[in-house]
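Participant:
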Amino acid sequence: MEDLNFYESVYALVRQIPEGRVTSYGAIARALGREGSARIVGYAMGNAGKANPPVPAHRVLNSKGQLSAKAAFGHPDLMQQLLENEGVKINNDRVVNFKSVFWDPLTEELI
DNA sequence: TAGCTGACCAAAA
DNA sequence: CTTTTGGCCAGCT
Numbered sequence: 003m004e005d006l007n008f009y010e011s012v013y014a015l016v017r018q019i020p021e022g023r024v025t026s027y028g029a030i031a032r033a034l035g036r037e038g039s040a041r042i043v044g045y046a047m048g049n050a051g052k053a054n055p056p057v058p059a060h061r062v063l064n065s066k067g068q069l070s071a072k073a074a075f076g077h078p079d080l081m082q083q084l085l086e087n088e089g090v091k092i093n094n095d096r097v098v099n100f101k102s103v104f105w106d107p108l109t110e111e112l113i
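Under the numbering used here, residues 3 to 113 are what the first sequence spells out, in order.
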């Protein structure tokens, strides 16, 4: 499937994130074999709003489990609401028990 | 082609 | 805790 661009690969991987789970840009980059391209993942997320089908970008956080991109969803609290709606608790713009809800595509993408 | 951009990451102060 | 610094790389103009 070399037809897929890096962006498309990112979208495909993000769409595999199950509900109630989150992952990080770096984890996605590593899963795609581009550990150094964590920034590109975030950049791709910028286009995620125009991607089809839409990608659950609210499940993608930075390595600290912080909602760094909450403002990019059109409303500062939308990202947090979406996560809490899936059972992910947010406190002070940070995911509670980040380790527990963290979804590592390298080990769980085979679902 | 070259340069700029960025929803990042990690370490240091 | 916050702020700074350097590195990283695909896509866009």
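Here a beta-carbon is modelled for each residue, glycine too, at the ideal position from N, C-alpha and C.
Could you have a look at ASN93 and say whether DSSP puts it in helix, strand or coil?
Facilitator: Strand at ASN93.
Participant: In this structure, how does DSSP classify LEU15 when only helix, strand and coil are distinguished?
Facilitator: Judged by DSSP in its simplified three-state form, LEU15 adopts helix.
Participant: Are the beta-carbon atoms of ALA40 and LEU15 separated by less than 7 Å?
Facilitator: It is not a contact, given that the beta carbons lie outside the stated cut-off.
Participant: According to DSSP, GLN68 sits in a beta bridge with which residue or residues?
Facilitator: ARG96
Participant: Any contact between the segment 63-74 and the segment 85-102? By contact I mean 3 or more CB pairs, one from each, below 8 Å.
Facilitator: With the cut-off at 8 Å, the segment 63-74 and the segment 85-102 touch.
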